[in-house]
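Numbering (the UniProt record's numbering), first residue to last: 1 to 1245.
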């Protein structure tokens, strides 16, 4: 909303037409809005006030266009109000103070509803002609100095991420009032023994004897701590600030404080007004009335004021502050009364200009979490790493940054016996924690009042044990500076650098008078106050519901049924129309409760965990079980099996959760949901079924695994296996590997149940099918990659060399790879939002490594890689040293682009191959061949020179030699089109390119034939690609990739035409689609056609996924902002992968995310692996020849390398003999084209 150029003579419009300020006097302050008000659209203004005048703001509307007003009177009331077409009324002076936030909106029942500081004040004006255009009217009068339009519809990012339904529920709840919330979480994390607990106690002012030196829990929460931004002293815990009401929670404190502040302000305003009336002498009053401008205000202002408020206001003005206090506080809680007294006692320190800001926003509540640094708890980091937190990363200054970090080894009795060296240095540990925070906390948000280099969530680095570093203060200072400088140099180019506070702190945990601790408090307070969610307006209904949950937790209730909690919400004013599901999802995202609204698991849907700390504690008991044998002496066998095989027995879990047995199903379901464990299934062999029937239930829990003694024997020979790597670009926590193993365990038990897996801490062996096994081997954390090995069953069983039958089948490789990539995409979507990964194979170029100067060095640190997708997409790739033929890996991975995919133009059995490498279209046998194919071929054959099949072949890029071979066919047009469809991938993109080339040779008749045939096809593509033609090439690539992934797409490539025909086609495409992908570019945003597509998709209720193809401001300006603004986009403009893996890796990861989101609405058609034909051993019997050739379908043709028209003359550089041993003989190069051999009789005729 902006101000109109028509305004009073004392008004200036500034700050891009959003602020109106009165420069002089108390009148001539009438202003208007630039555009008419819309029904149900909220408008919010911030008021600046001075105290030398009387009277306050007038708010109204006018049906007169401000452009038509030539002369404006001094006052809106009564001058304009007495004129037809104007409605206005004053805001009570006592309700408007400096910084007051006023919101109003027109309703369909002809009223203007009013909110002051988010409290609903009812209808300000009634009986308005809302069917007309009504402009806003503001009279900046009296002690109101300026008014500024501000955002009134700010929504938490958690609400926006949940979509339109949650946004609607939040806005609806805001109509009943809101309250600003000043709270966050302070998380202390770092290595075990770094001094986190001591630092926490220093910050909260505990004395030395009160401090704990050891903790065994996964996380220790200190409770709520109150900090005052105007007082840099020690922070006070909630129980210290509220001893008489120990049940008070953060919400009640905030709510009580807001209520007490409003009451105190009301009392002080009354007192100031009373004093002012007593001190006003006759001379000053006469002097004040000498100015002619003020003569009118006596009649205008006081006449309106006294006529409306009658004698009640006069009585109130005569009341003392004490009388008002008794009247206000008669029925309020004691805690509120205490706060009011506190505010009144400190009134002499208040300044008029900051009067309103002395109450709210000065105190912020911190919930301090002290995380354990033990590696056994790393798997549950996902439960408390949140974007709504400020992190303090603690490390020991006495430890050498380049030295290996030390890990305490715990005995069975729970005592420390020795210290082991980690594979990471102390500096690596710091970077690891920073990576964890960055990867787990979704998108980065630039904090307010700061430069763009400081992002949320913020991380503050603190070094401890300062005095132990060196006794000399000067030398100690230099050593500390060197350490901090080294940390700065290492993290400066990392992706998480913008989240790190630019000032580092060195403290001594044993000193209670360290001034650096005070400076650290100041830094934390400043950082917390600048977090974007501090002061966020939350609906009062929802906050009351949160308070009700807190009361339940205080009573010891940790979980509750969804139905019971809904009854609690109903008691707080949240009914069915308020969308209770959105309330649960919001507080789940905040981490204040645990509930999965969309879960298919009944236990998860019907149960709500209202005390997440209890859940973390329950999980922590399971992870610590292997180190606490003394707690359960009768469970020695169970604990031994847990440590050796990673198997958690039902009897052990009953002992661990003895105090919450009734919640055991829910806890197990949640651990399964978080991929912390999975249930063991019974094997399908009779003897094992009988044996396992006698056993109780058990679960795999990979995080408890230790290194197996004979793990080296699990790894098969390299020359008889298929190997590839998943690279995580510098960040691979062990917890991620454990999650992946858990998902693979769950999957392999579903698809095959003939053999138990073998599990170790870093190696996992799985049974795939009757012929294949595969392994996952995690490298060192520094290398951050997982090696995948697929092998034949005989290799794993230790067979002799004579029994080995070659390499695994390509379908096994594809099956394993596709599952692993899908599982990682699920992990990224649910837990590690910034996870980056890519699949690679080892390059066989044999170049010399720089570390050992050895050719083809096999050391893990010396390997260099080729991107697997690039190898499968190209016959030749470059590794930086030379060009490499990719046959060495293509033979083991059936390249998906050359298989029949959803949206294939030719059905699988439409083309067959003969012994002479001829391709025959079986249009007379197969009914699903496209109807247009024969008709288009006939028209091409009958074309004249320049627009016949020869011209089309030239436009499609065929070489002259191939065109001559097509000319030998009886039906060259059919042969050409069939060959093009097969060699170009057999997708819808193939047809689109064919249409484009037909247009270039002016064959509109053939285009019409194809279009009419396609219109009769009822199977419409479920994915609509909306884009601007300036990025057609990029979107074509995206479409091809989507169709290869199993999602058929509708896309206009410029051949539809314009006008009504285009509109009809766009409507049909969007209405038949299940999801719309908007490809965002600057030209797309300003395009009318693209805007129509987006608006139509929104009106039809189609899910929309914005894909950022080129960098564009977000939300996009213009009409699209209403639809796309609340949505989260996927950025394809490319910024490089995590840790600097390059633009291609980043693009691929974003594409995987797109597939995941499209897959929520569209089921991809699965790709069945094609068994390659035995082309090397054709039947010798002529009678069997036809049966053999009839089994060679189009899938057989496209599963092996084809000679593309544009690849025949590609120069290849032969690679060295670095292929694996016993490689199958190379497949003959097959030219797939519609060629019919002429027999002798045909030649004679």
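All C-beta atoms in this analysis are idealised placements derived from N, C-alpha and C, irrespective of residue type, glycine included.
Predicted, not measured: the structure shown is a model, and the values here were computed from it.
Three-way DSSP call (helix, strand, coil) for residue i in this model
i: residue 611; result: coil
i: residue 3; result: strand
i: residue 841; result: strand
i: residue 792; result: strand
i: residue 61; result: strand
i: residue 778; result: strand
i: residue 122; result: strand
i: residue 701; result: coil
i: residue 1117; result: coil
i: residue 588; result: helix
i: residue 372; result: coil
i: residue 1004; result: helix
i: residue 1151; result: helix
i: residue 851; result: coil
i: residue 74; result: coil
i: residue 1193; result: For residue 1193, the predicted structure reports a pLDDT of 34, less than 50, and the residue's modelled location is therefore unreliable. A value from the coordinates is still provided. Here residue 1193 sits in coil by DSSP.
Residue i versus residue j: straight-line alpha-carbon distance, rounded
i: residue 530; j: residue 834; result: 23 Å
i: residue 463; j: residue 429; result: 13 Å
i: residue 427; j: residue 1117; result: 44 Å
i: residue 565; j: residue 608; result: 8 Å
i: residue 575; j: residue 538; result: 17 Å
i: residue 951; j: residue 1163; result: 40 Å
i: residue 588; j: residue 1078; result: 29 Å
i: residue 480; j: residue 781; result: 28 Å
i: residue 558; j: residue 614; result: 7 Å
i: residue 623; j: residue 740; result: 18 Å
i: residue 567; j: residue 544; result: 13 Å
i: residue 111; j: residue 455; result: 43 Å
i: residue 828; j: residue 631; result: 37 Å
i: residue 932; j: residue 982; result: 16 Å
i: residue 995; j: residue 1003; result: 9 Å
Cross-strand partners of residue i (DSSP beta bridge)
i: residue 1108; result: 1080, 1131
i: residue 224; result: 367
i: residue 87; result: 61
i: residue 538; result: 179
Burial state of residue i (16 or more Cβ within 10 Å)
i: residue 991; result: buried
i: residue 201; result: buried
i: residue 1254; result: Outside the shown range of the chain (1 to 1245) lies residue 1254, about which nothing can therefore be said.
i: residue 801; result: Confidence in residue 801 is poor, its pLDDT being 42 and thus under 50, which makes the residue's placement too unreliable to answer from.
i: residue 960; result: exposed
i: residue 860; result: exposed
i: residue 5; result: exposed
i: residue 696; result: exposed
i: residue 1088; result: exposed
Within 9 Å, strictly: CB atoms of residue i and residue j
i: residue 759; j: residue 820; result: no
i: residue 10; j: residue 19; result: no
i: residue 397; j: residue 203; result: no
i: residue 137; j: residue 104; result: no
i: residue 884; j: residue 843; result: yes
i: residue 380; j: residue 141; result: no
i: residue 1076; j: residue 1104; result: yes
i: residue 499; j: residue 458; result: yes
i: residue 656; j: residue 621; result: yes
i: residue 435; j: residue 185; result: no
is_contact[residue i, chain D] using C-beta, thresh 9 Å
i: residue 619; result: In the structure shown, chain D cannot be found, because there is only a single protein chain.
Any non-hydrogen atom of the ligand HEM closer than 8 Å to residue i Cβ
i: residue 869; result: Because no ligand of any kind appears in the structure shown, any question about the ligand HEM cannot be addressed here.
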